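Each remark here refers to the structure printed beneath this line.
Numbering (my numbering), first residue to last: 2 to 346.
Pasting the structure below:
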């Protein structure tokens, strides 16, 4: 479970409480004892008591981004689609897609009891099982037919992999708008990584639902190591499920020495090895993984360029300098990891 915050609530809950009351949802009576949860960085995540049980509200930030409502609406669609599937997720209880009700799109889901390993690791939980459960859930997600659960139009699959290189190269180029940014040269030869990805793009892509940011920090686990829920679905779309596998593998440790991109969990010992994780996914998904290096390089490329955005904003005086420098170091490490994977591919 994410840790509660005692800070003042950043939004007015009265219209949300009124809307929930009007829905007459069985078991949900009132909106009492609201407390903010740590872990949500792009949205407000608030746990409250509504009758005999707890629920969680997700709402855009008090100063929403231009696409906040659209992203929350996509999360609502995904959680609706995952109902009755084998993918562990928080059960959607109520969703309001009309911003006029409370100033933004929002939804309520059942609270999932457990722990987030990047917030507070449960020392007693079997870490080996935790890793394998992440692979089981990912294979289950990739095995869903999007059209069968109402997500056939959730993303443009044609040319998906080919578009990724240009998409993130454009993102990097866009950082030139931040005055004071030292430019892409500080990251090493980024263009060489992009060219390799373009030249070695897999000829075949499989269509599936992808989470978009699949890593251990977006999981809630029980004391027994079971994965109780995958959370934070705002980046979900249609794509090749190996995109998610590449993302989690670049954060997975090999041994006990953390690198800048290693998942922020301690201790590291006891988790499955990368080889075990890959073997588990192959077994559960039944998929050949010959192209896996490409997806790992893409994951390094994408995440590295995203993190560099914080550095660019920090150099322009628009973000915390220390955070920007830390993420810049991680971006350099990720792109170097991409080159290492390329060298042995």
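For every residue, glycine included, the Cβ atom is placed at its ideal position computed from N, Cα and C. Predicted model only: the values in this text are computed from it and were never measured.
In the DSSP assignment, residue 250 falls within the alpha helix (DSSP H) that extends over 243 to 252.
Going by DSSP, residue 296 is part of the alpha helix (DSSP H) stretching over 293 to 316. Judged by DSSP secondary structure, residue 229 falls within the beta strand (DSSP E) whose first and last residues are 228 to 231. Looking at the backbone, the Cα of residue 97 and that of residue 186 are separated by about 45 Å. Rounded to whole angstroms, the separation of the alpha carbons of residue 153 and residue 318 is 42 Å. Under the three-state reduction of DSSP, residue 113 is assigned to coil, being neither helix nor strand. The straight-line gap separating the alpha-carbon atoms of residue 118 and residue 201 is approximately 35 Å.
The C-alpha of residue 31 is placed about 13 Å away from the C-alpha of residue 95.
Residue 113 holds the alpha-carbon nearest to the alpha-carbon of residue 55 among 113, 67, 124. Taking 9 Å as the cut-off, the beta carbon of residue 142 is found closer than this to the beta carbon of residue 209. Contact check for residue 244 against residue 300 passes: the beta carbons are separated by less than 9 Å. Between residue 52 and residue 28, the beta carbon gap of about 5 Å places them in contact (Cβ cut-off 8 Å). Counting only runs of at least 4 residues, the segment 30 to 106 fully encloses the following alpha helix (DSSP H) elements, listed from N- to C-terminal order: 69 to 83, 100 to 103. Between the segment 295 to 312 and the segment 328 to 337, the count of Cβ pairs shorter than 8 Å is three or higher; the stretches touch. For residue 211, there is no enclosing alpha helix (DSSP H); the enclosing beta strand (DSSP E) has its first and last residue at 209 to 211.
Within a 10 Å sphere around the beta-carbon of residue 25 sit fewer than 16 other beta-carbons, which makes this residue exposed. Between residue 216 and residue 168 a beta carbon distance of about 20 Å is seen, past the 8 Å cut, so the two are scored as non-contacting. Proximity to residue 107 across 182, 16, 180, 89 peaks at 16, based on C-alpha coordinates.
Burial is judged here by how many other beta carbons sit within 10 angstroms of a residue's own beta carbon; residue 297 has at least 16 and is buried.
Contact fails between the segment 263 to 273 and the segment 137 to 151, because fewer than three Cβ pairs, one in each stretch, are under 8 Å apart. In the DSSP assignment, residue 135 falls within the alpha helix (DSSP H) that extends over 128 to 143. Sequence-distant Cβ neighbours of residue 103 in its own chain, meaning closer than 6 Å and more than five residues away, are 16, 17.
Here the alpha carbon of residue 36 sits roughly 10 Å from the alpha carbon of residue 45. Straight-line spacing of the CA atoms in residue 182 and residue 343 works out to 28 Å. Cβ-Cβ distances below 8 Å link residue 10 to 35, 37, 47 in the same chain, with the five nearest sequence neighbours on each side left out; the list follows chain order.
Secondary structure of residue 26 (DSSP, three-state): coil.
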